[in-house]
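Okay, structure first, notes after.
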Amino acid sequence: MERSATVEKIIDLIGRGRCSIATAAGVSHSLVRAAVFRRVAEVAAWSMKWASMGRWPDAGFDGKPFATGSARAKMCGQPLADGFRACYVGFKADLKARHECHGFSRWYKSSLICEQCLARRDIKSPDSMNYRNFTSSAAWPLTMLDHDQWMTLGEHSDWNLVEGFRLESVGFDLMHNVFLGVGKDLVGSGLKLLIQQGAFDHVEGVHDDLDKALGVIHQEMVQDCKNHGLFLPSKPVLSVAGLCGDDDYAMLNSRFKACHCKVMVWWLAFKSQQAADANQDDRLLQVLATCCYGMQRAIEILDNSGLLMSESDANETAECLQLHLVTYAWLAAYYWEEGVLLFRFRPKHHYLFHQAVQIAEWRLNQSIFHTWDQESFLGKIKQICVKCHGATATVRVFERYLLCMAMMLEQHRRVQS
Ligand SMILES: [Zn+2]
């Protein structure tokens with residue numbers, strides 16, 4: 029009981045972002061050598077070593093003693109942060125950063141798409157190992173790798189230097205995986221399926237002038253959300269281009285942000301449920317409603333749970349995510365046979381399967397790996413960047429960021445006083 033309470037406290041601290049360490053590099057990847065990522069891992073390992081002891085270090089990162097009489101030299105061996113200690117718990121990042129920081133050779137652009145199992149993407153491999161295979165014939169779920177097995181395959185991460193690092197601790201970010209990934213596919217394709225199956229026949233010109241009809245459907249969507257206490261911005265407005273046109277798989281384009289997608293997934297679950305209830309013999313609508321329910325129910329449980337989930341919540345979330353994946357795979361296979369560009373199946377769906385397994389096994393709310401705040405921070409930095417001259421941007425960005433922070437603190441101080 030006592031141990032559990034301690035774990036709760038630790039993950040609560042991390043969940044609120046109090047202990048996050050940013051390791052992003054501020055230049056494009058082509059300019060960042062592998063050695064830089066290795067050095068970042070070395071510094072993180074050194075830093076975490078002293079944080080775990082709760083003491084100021086005896087020497088600098090390079091092993092050289094601090095200058096005699098300096099403030100840092102005076103702090104040597106002193107308690108750190110009132111005796112609090114910190115330890116490495118997990119690594120959160122989007123899929124590209126996971127690959128770059130850890131040097132994973134297995135990632136979404138390679139044939140072996142996953143570092144956590146032996147699933148493959150190439151069509152030459154046996155069908156049972158194809159990551160799109162979610163039928164009972166799939167063999168890849170039987171090939172899950174733990175950290176030690178992964179190491180025996182010759183894989184390596186520079187973060188092995190950090191005490192407590194394991195492959196399993198490199199999380200999948202649910203925000204990128206769902207709200208900037210599979211959720212966008214679901215909303216785009218699900219909406220087109222609903223239109224095709226007649227759920228919006230009351231909208232004038234829905235089968236003749238789709239662009240105009242989508243605008244009306246969007247207004248309906250905003251109103252439905254408002255009626256249920258949810259806020260969906262009225263812009264950007266849905267359009268054919270917003271669903272990636274007619275020549276590509278239907279999905280929300282980049283104008284729709286993660287927060288839009290999250291509300292739209294709720295709306296799609298709501299609307300597909302209504303359509304399925306009204307058309308009980310329509311197989312496609314029944315599968316779509318089940319698919320959306322699985323996703324929305326999993327999101328709801330995760331949003332309403334603490335970081336350490338109850339066993340029943342964890343099991344239900346895992347079952348709902350797997351239900352979503354199986355039904356989505358069915359829809360993807362159906363439209364693939366039909367030659368229609370709906371329900372694209374991506375590696376992110378595969379990673380969602382791993383998240384479902386991890387939720388059931390660990391009962392750890394995957395929101396611990398969310399990067400909402402970090403993405404928001406990058407957006408603010410970008411706003412500053414675009415106002416700077418290219419030649420001096422690397423210095424000016426940080427100067428102006430500090431200036432913004434100073435102004436914010438000053439405003440805060442005036443309000444307080
Ligand atoms: Zn896998």
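All the letters of the sequence shown, read from the start, carry residue numbers 29 to 445 under this note's numbering. For every residue, glycine included, the Cβ atom is placed at its ideal position computed from N, Cα and C.
Cutoff 8 Å; reference residue i; Cβ partners in own chain excluding five residues on either side
i           : result
residue 53  : The pLDDT assigned to residue 53 is 47, lower than 50, so where the model puts this residue is not dependable, and the model offers no usable value.
residue 34  : Bear in mind that the predicted position of residue 34 carries a pLDDT of just 49, short of 50, making it unreliable; the figure below should be weighed with that in mind. Here the set comprises nothing.
residue 349 : 322, 323, 326, 380, 381, 383, 384 and 387
residue 409 : 425 and 429
residue 184 : 131
residue 154 : 167
residue 139 : 148, 149, 150 and 153
Local conformation of residue i per DSSP, three classes
i           : result
residue 158 : strand
residue 222 : helix
residue 83  : strand
residue 392 : strand
residue 283 : coil
residue 52  : Reliability fails at residue 52, whose pLDDT of 48 lies under 50, so the model's placement of it is uncertain and the value that follows must be treated cautiously. Three-state result, residue 52: coil.
residue 277 : coil
residue 183 : coil
residue 420 : coil
residue 260 : coil
residue 382 : helix
residue 244 : helix
residue 232 : coil
residue 407 : helix
residue 88  : coil
residue 75  : helix
residue 401 : helix
residue 252 : helix
residue 445 : coil
residue 217 : helix
Buried versus exposed call for residue i [16 or more other C-beta atoms within 10 Å across all chains shown]
i           : result
residue 207 : buried
residue 435 : exposed
residue 203 : buried
residue 245 : buried
residue 141 : buried
residue 433 : exposed
residue 127 : buried
residue 211 : buried
residue 399 : buried
residue 423 : exposed
residue 255 : exposed
residue 300 : buried
residue 28  : In the structure displayed, the chain extends from 29 to 445; residue 28 sits before or after that span and is not available.
residue 112 : exposed
residue 220 : buried
residue 119 : buried
residue 91  : exposed
residue 393 : buried
residue 107 : exposed
residue 304 : buried
residue 115 : exposed
residue 397 : buried
residue 89  : exposed
Neighbourhood of residue i by C-beta, 6 Å cutoff - its chain only, sequence neighbours within 5 removed
i           : result
residue 73  : 189 and 190
residue 266 : 242 and 246
residue 217 : 278, 370 and 371
residue 463 : Because the chain spans 29 through 445 in this model, residue 463 falls outside it and cannot be assessed.
Contact set for residue i: own chain, Cβ-Cβ below 7 Å, skip 5 residues either direction
i           : result
residue 231 : 241, 244 and 245
residue 388 : 342, 343 and 346
residue 315 : 355, 358 and 359
residue 353 : 162, 377, 380 and 381
residue 286 : 203, 207 and 208
residue 222 : 228, 299, 300 and 303
residue 437 : none
I need the residues with a C-beta less than 6 Å from some heavy atom of ligand 1; please give them in chain order.
142, 144, 145, 147, 378 and 382
Return the chain-ordered ranges of every beta strand (DSSP E) run that is complete within the region 191-215 and spans a minimum of 3 residues.
none
Hey, which unbroken runs of the alpha helix (DSSP H) at 4 residues or more fall wholly within the region 289-376?
311-332 and 339-366
With a floor of 4 residues, list each alpha helix (DSSP H) that falls wholly inside the region 93-181, ordered by position along the chain.
99-103, 123-130 and 175-180
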